[in-house]
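Keeping their order, the protein sequence lines are chains A and B. Under the numbering used here, the first residue of the first sequence is numbered 1, with each subsequent residue one higher. Under the numbering used here, the first residue of the second sequence is numbered 1001, with each subsequent residue one higher. Please read the structure below before turning to the comments.
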Amino acid sequence: MSDVSLIVNGKRVSGAAEDRTLLVHFLRENLGLTGTHVGCDTSQCGACVVHVDGKAVKSCSMLAVQASGSTVVTIEGLANGADLHPVQAAFREHHGLQCGFCTPGMIMTATDMINRHPEGLDEATVRTELEGNICRCTGYHNIVKAILAASKTMSKGSKGKARQAA
Amino acid sequence: MYSVNYHRAASVADAAKLVKAGDAKLLSGGMTLIPAMKTRLAAPSDLVDLSKIKELQGVKVSGKTVTIGAATTHFDVANDEKLKKACPALVHLASLIGDPAVRHRGTIGGSIANNDPAADYPAALLALGATIVTNKRQIAADKFFMGLFETSLKEGEIVTAVTFTAPAKAAYEKFRNPASRYAIVGVFVAKGKDGVSVAVTGAGDDGVFRSKEIEAALAKNFAASALEGVKVPAKNLMTDIHASADYRANLIAVMAKRAVAAANA
Ligand SMILES: Cc1cc2nc3c(=O)[nH]c(=O)nc-3n(C[C@H](O)[C@H](O)[C@H](O)COP(=O)(O)OP(=O)(O)OC[C@H]3O[C@@H](n4cnc5c(N)ncnc54)[C@H](O)[C@@H]3O)c2cc1C
Ligand code: FES
Ligand code: FES
């Protein structure tokens, strides 16, 4: 057992966990943050993507103790109360989800991608950057549209707020 | 995953001590080891985390000498401004590994210690004639990669850095498996003061290797056209569900042509 202490979505949290506990299980089971999903056993689907110290990572492939001392943002940490984060709003607007299983990971990957490309994104870059996220429903077209639209809104003005949230 | 004890090492010396416990394993980015533990293919008693050790991190370029700390992530290699000038081929290679989340965690030390027969870095280090630095000694790349998932590292020996001389020209071309994103064939060509070397990953029955046929043709003329009609033997190449040995043999020549064209561009 180890003590795991993290800042999750702006709040300091800690708890004892077995060393073998994956970060995704710590988030879901110890903290009740079930927005982060597990979609595979092979580190390939991206349903579990969260931000650790500002970088998108697969929380199914990292131990909770490895993350101890870090700052974590999950899908639950993006919206500002009832105000959706621009990436969430764009997924709704552009019909970027169907069953929604892949969506938390898609949105966390998308916010990371937009933050790393302040110069803007094009379709080819979005598709390459999405290589670690699998969607069984949408065929990706509307996900790509949503991310391109969010990237435009975020570079226009709501940048400050989005940056803080992500 | 079986039960395990986690230790965060503060320094290389600390890690060297901790790794002596039980059936301990070093943990770097965890992008290979954690998935292997989840499926119980690996079951270490203890994990010694190297990822917070400062002395293992970062890229240094001084003159023509490049040194990359073992715990430097693929993301940091892919985005290093000095390395973009000194060896853009390696920057490009790092940007092709896995996906963004894998690149944010996975490291060069973990990749070469694991020596997956389809990993990208082994091809670069072999073609660049790199030296692998450990906490005990320095090992030339051609004495380091020893076959499928085998290296000359001793029990508990820690890779601390890799170092090489920036080549005059180099490029890496990768034909990726669209699902796993590993190489079905990857070819790294480098032209330096010791001539031309060409290393192939993803294809060899025994892991990464240098292609003598392609090196011989390019030594005379470092141009894609010099590879017209050059045949790579299919003997000792892998056949699996992704591709046959013959297919891979042909692909090696194709990727080599593209790499030479890119290196000359
Ligand atoms: C979805 C996915 C796609 C991928 N695609 C690619 C790809 O296209 N190309 C590619 O090359 N790789 C790919 N990888 C593998 C990735 O590059 C890993 O980062 C790499 O193989 C291992 O590095 P790591 O830092 O994560 O090591 P870890 O998983 O932490 O360790 C791997 C092994 O190396 C040992 N080790 C780690 N550091 C050291 C050290 N400093 N000294 C001695 N031994 C050490 C460990 O004990 C362990 O046995 C992929 C992985 C995933 C999950
Ligand atoms: S659950 Fe993490 S990549 Fe699939
Ligand atoms: S919306 Fe169903 S998996 Fe993507």
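Glycine included, every Cβ here is placed at the ideal spot set by N, Cα and C.
Asked	Found
Hey, is A:R20's beta-carbon within less than 7 Å of any beta-carbon in chain B?	yes
Who does B:Y1172 pair with in a DSSP beta bridge?	B:F1188
Please compile the residues from chain B whose C-beta is within a distance smaller than 7 Å of the C-beta of A:S70.	Under the 7 Å cutoff, chain B gives no residues; its nearest Cβ is about 10 Å from A:S70.
With distances taken Cα to Cα, identify the nearest neighbour of B:A1168 among B:G1147, B:P1178, B:G1192 and B:T1151.	B:G1192
Relative to the alpha-carbon of A:T71, which residue among A:L6, A:L33 and A:R20 has its alpha-carbon at the smallest distance?	A:L6
What in chain B is Cβ-close to A:D112, meaning under 9 Å?	P1100, A1101 and H1104
Assuming contact is defined by CB atoms lying nearer than 7 Å, are B:A1161 and B:G1069 in contact in what I supplied?	yes
So, does the CB of B:M1001 fall closer than 7 Å to a CB anywhere in chain A?	yes
Applying the 10 Å Cβ sphere with the 16-neighbour rule, what's the burial state of A:Q164?	Because the pLDDT of A:Q164 is 46, which lies under 50, any placement of that residue in the model is unreliable, and the number read from its coordinates should be weighed accordingly. Exposed is the call here.
Examine ligand 2 and report whether any of its heavy atoms sits within less than 6 Å of the Cβ of A:K58.	yes
Any residues whose CB sits closer than 5 Å to a heavy atom of ligand 1? List them in chain order?	A:S43, A:Q44, B:K1025, B:L1026, B:L1027, B:S1028, B:G1029, B:G1030, B:M1031, B:T1032, B:L1033, B:A1070, B:I1097, B:G1098, B:V1102, B:G1106, B:T1107, B:G1109, B:G1110, B:S1111, B:A1113, B:N1114, B:A1119, B:D1120, B:I1158, B:V1159, B:R1181 and B:Y1182
Which residue's Cα is closest to the Cα of A:G69: A:S14, A:R136, A:L148 and A:F101?	A:S14
Would you call the region 1086–1106 of chain B and the region 1023–1037 of chain B in contact, with 3 or more CB pairs under 8 Å?	yes
Going along the chain, which residues of its own chain have a beta-carbon closer than 6 Å to the beta-carbon of B:F1188, five neighbours each way excluded?	A1123, A1124, A1127, Y1172 and A1199
Can you list, in chain order, the residues of its chain with a C-beta nearer than 7 Å to that of B:F1145? Leave out the 5 residues immediately preceding and following it.	N1115, P1122, L1126, T1151, G1207 and V1208
Does DSSP classify A:H25 as helix, strand or coil?	helix
What residues in its chain sit with their C-beta under 6 Å from that of B:A1262, if we drop five residues either side in the sequence?	A1171
In chain order, what residues of the region 1178–1196 of chain B put their CB closer than 7 Å to some CB of chain A?	R1181
Given A:K159, which residues of its chain have a CB within under 7 Å of its CB, disregarding the five upstream and five downstream residues?	The pLDDT assigned to A:K159 is 45, lower than 50, so where the model puts this residue is not dependable, and the model offers no usable value.
Count the other C-beta atoms from every protein chain shown that fall within 10 angstroms of the C-beta of A:A162, then say buried if there are 16 or more, exposed otherwise.	Any reading at A:A162 needs caution, since the residue's pLDDT is 45, under 50, leaving its predicted position unreliable; the model's value is listed next. Buried: at least 16 other Cβ atoms inside 10 Å.
May I ask you to verify whether the region 33–53 of chain A touches the region 124–137 of chain A, counting CB pairs closer than 8 Å and requiring at least 3?	yes
Nearer than 6 Å: is that true of the beta carbon of A:R136 relative to any heavy atom of ligand 3?	yes
Measure from the alpha carbon of A:P86 to the alpha carbon of each residue in A:L148, A:I134 and A:L23, then state which is nearest.	A:L148
Under the criterion of a Cβ to heavy atom distance below 6 Å, does B:C1234 qualify as lining ligand 2?	The residue asked about is misnamed: residue 1234 of chain B is Ala in this sequence, not Cys. No - ligand 2 has no heavy atom lying nearer than 6 Å to the Cβ of B:A1234.
Just to confirm my understanding: we take B:Y1006, look at its own chain, exclude 5 residues before and 5 after, and list those with CB closer than 7 Å. What are they?	L1047 and D1049
Check the Cβ of B:Y1006 against every Cβ in chain A and list those closer than 7 Å, keeping chain order.	S2, D19, L63 and V65
Taking its Cβ as the centre, do 16 or more other Cβ atoms sit within 10 Å of B:G1202, making it buried, or is it exposed?	buried
Excluding the 5 residues flanking B:A1086 on each side, which residues of the same chain have their C-beta closer than 7 Å to its C-beta?	V1061, V1066 and A1166
Can you list the beta strand (DSSP E) stretches of 3 or more residues lying completely in the region 1089–1151 of chain B, in chain order?	1131–1134 and 1138–1140
Thinking just about the alpha-carbon of each residue, which of A:D53, A:L27, A:S61 and A:G10 is nearest to the one in A:D41?	A:S61
Report yes or no: is there a C-beta of chain B within less than 7 Å of the C-beta of A:E131?	yes
Is the closest heavy atom of ligand 3 to the C-beta of A:F101 under 6 Å?	yes
Using only CA atoms, which one of A:K55, A:S59, A:A64 and A:D3 lies nearest to A:T21?	A:A64
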